[in-house]
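Residue numbers (my numbering): 58 to 297.
Built from N, CA and C at the ideal position, the CB exists for glycine as well.
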Ligand code: URA
């Protein structure tokens with residue numbers, strides 16, 4: 058059960074860090090390429106993200122993939138970046154990892170429509186291999202550039218609990234590299250009203266070859282989602 062431990066940068070550290078990082082990268086110029094306004098609703102995200110040129114990923118992607126679901130919502134799930142299916146369809150988690158996530162959410166008593174689901178990075182990054190497009194992990198710079206959108210989503214969705222699905226999402230939300238093993242099972246404050254839990258990415262489950270281990274990992278994931286459900290609805294992780 059996640060327990061509270063504050064090992065995130067303070068807000069002051071963070072703002073100083075992102076100001077420094079921004080001016081070092083000349084990000085103020087990048088704002089000129091981005092819809093430089095503060096959004097009023099998550100409904101404005103698709104168009105705004107589609108016009109985003111804060112990094113180079115927009116060049117080869119089909120489209121930007123914004124988060125979607127309930128907003129505001131008590132629970133926000135953050136993945137890494139859109140994959141091939143998401144890039145083509147324009148929606149997050151609609152491929153094989155999404156099917157795994159949907160199954161786990163349903164078993165945890167959560168309707169996908171009642172939560173907000175997004176990614177740390179909003180454009181697909183890939184390497185062409187013949188007719189296939191192989192997923193490539195976004196770089197630190199791409200994660201940082203896309204934080205603009207993740208921060209907008211956090212502000213608009215105002216979740217009580219954010220679940221980072223995998224290490225890339227955790228890195229985006231914490232502003233530093235962490236491992237899942239280090240952070241899983243902790244409730245890390247992101248603000249006075251928001252906590253972060255870090256867990257596995259659903260695609261990890263798809264890659265486990267041994268059936269027993271796969272089942273055990275899946276069950277652990279469902280337990281975490283069930284505890285998350287209780288946390289946002291009852292303010293406790295106690296599950297009867
Ligand atoms: N993996 C992710 O991290 N996000 C998606 O939307 C799909 C697969």
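| task | Could you check what DSSP says for residue 166 in three-state terms: helix, strand or coil? | result | Counting from 1 along the chain shown, the entry for residue 166 is found at position 109. Looking at residue 166 - three-state DSSP - the assignment turns out to be coil, as it is neither helix nor strand.
| field | Three-state secondary structure (DSSP) of residue 289 | value | Your numbering for residue 289 matches position 232 in the chain shown. In this structure, residue 289 counts as helix in the three-state DSSP scheme.
| request: Give a yes or no on contact between the segment 145 to 164 and the segment 230 to 249, applying the rule of three or more CB pairs nearer than 8 Å. | output: no
| message | Per DSSP, what are the beta-bridge partners of residue 157 in this structure? | response | For the purposes of this step, residue 157 is identified with residue 100 of the chain shown, where counting begins at 1. Paired residue(s): none; residue 157 is not in a bridge.
| task | Check whether the Cβ of residue 118 lies closer than 7 Å to any heavy atom of ligand 1, and answer yes or no. | result | By one-based count along the chain shown, residue 118 stands at place 61. Result no, Cβ not under 7 Å from ligand 1.
| request: Please determine, among 275, 126, 171, 229, the residue with the shortest C-alpha to C-alpha distance to residue 98. | output: Taking the first residue of the chain shown as position 1, residue 98 is located at position 41. Nearest option by C-alpha distance: 126.
| Would DSSP call residue 274 helix, strand or coil? | Sequence index remark: in the chain shown, residue 274 carries index 217 (1-based). In this structure, residue 274 counts as helix in the three-state DSSP scheme.
| N- and C-terminal bounds of the alpha helix (DSSP H) containing residue 204 | For this step, residue 204 is matched to residue 147 along the chain shown. From DSSP, the alpha helix (DSSP H) with residue 204 extends over 197 to 214.
| task | Would you mind working out which of 95, 207, 284 sits nearest residue 173, comparing C-alpha positions? | result | The residue you call residue 173 lines up with position 116 of the chain shown. Residue 207 is the option with its Cα nearest to residue 173.
| query | Under a criterion of Cβ closer than 5 Å to any non-hydrogen atom of ligand 1, which residues qualify, in chain order? | reply | 136, 137, 139, 140, 143, 149, 150, 154, 176
| Name the DSSP bridge partner or partners of residue 298? | Here the chain has residues from 58 to 297 only, and residue 298 is not among them.
| request: Decide if residue 161 is buried, meaning its Cβ has at least 16 other Cβ atoms within 10 Å, or exposed. | output: Reading the chain shown from its first residue, position 104 is the one you call residue 161. Buried is the call here.
| request: Have a look at residue 153 and residue 121 and give me their C-alpha separation to the nearest angstrom. | output: Numbered from its first residue, the chain shown carries residue 153 at position 96. Numbered from its first residue, the chain shown carries residue 121 at position 64. Going from the Cα of residue 153 to the Cα of residue 121 covers about 19 Å.
| said: On the DSSP bridge list, what partners appear for residue 192? | reply: Mapped onto the chain shown, residue 192 falls at position 135. For residue 192, which the question treats as bridged, DSSP gives the partners 183.
| query | Distance, Cα to Cα, residue 79 vs residue 266? | reply | Walking along the chain shown from the start, residue 79 turns up at place 22. Walking along the chain shown from the start, residue 266 turns up at place 209. Because residue 79 sits at a pLDDT of 37, beneath the cut-off of 50, its placement in the model cannot be relied upon, and the following sentence gives the value as read from the coordinates. Each residue's Cα considered, the two are about 42 Å apart.
| query | Since residue 125 sits in a beta bridge, which residues does DSSP pair it with? | reply | As a position in the chain shown, residue 125 is number 68, starting the count at 1. For residue 125, DSSP records a beta bridge to 174.
| 8 Å Cβ cutoff met for residue 180 and residue 114 | The residue given as residue 180 occupies position 123 in the chain shown. The residue given as residue 114 occupies position 57 in the chain shown. Their beta carbons are under 8 Å apart, which means residue 180 touches residue 114 by this criterion.
| Nearest-angstrom Cβ-Cβ length linking residue 32 and residue 229, presumed shorter than 8 Å | Given that the chain is displayed from residue 58 to residue 297, the structure contains no residue 32 and the question cannot be resolved.
| task | Could you please give the first and the last residue of the uninterrupted alpha helix (DSSP H) stretch that includes residue 103? | result | Working through the chain shown from its first residue, we reach residue 103 at position 46. Segment 102 to 107, the alpha helix (DSSP H) holding residue 103.
| task | Within the same chain, show all residues whose beta-carbon is closer than 6 Å to that of residue 286, passing over the 5 residues directly before and after it, in chain order. | result | Within the chain shown, numbered from 1, the residue matching residue 286 stands at position 229. Counting only Cβ-Cβ distances below 6 Å, and skipping sequence neighbours, we find 165, 166, 167.
| query | Can you tell me whether residue 76 is buried or exposed, with buried defined as 16 or more other CB within 10 angstroms of its CB? | reply | As a first step, residue 76 is located in the chain shown; it is residue number 19 there, counting from the start. Because residue 76 sits at a pLDDT of 34, beneath the cut-off of 50, its placement in the model cannot be relied upon, and the point is left open.
| Selected residue, minimal CA-CA separation from residue 198, among 187, 250, 213, 177 | As a first step, residue 198 must be located in the chain shown, where it is residue number 141. The shortest Cα separation from residue 198 among 187, 250, 213, 177 belongs to 177.
| field | Cβ pair residue 133, residue 262 closer than 8 Å | value | Taking the chain shown and counting its residues from 1, one reaches residue 133 at position 76. Taking the chain shown and counting its residues from 1, one reaches residue 262 at position 205. It is not a contact, given that the beta carbons lie outside the stated cut-off.
| said: Beta-carbon within less than 8 Å of residue 250's beta-carbon, same chain only, minus the 5 sequence neighbours each way: which residues are those? | reply: Numbered from its first residue, the chain shown carries residue 250 at position 193. Answer for residue 250: 215, 217, listed in chain order.
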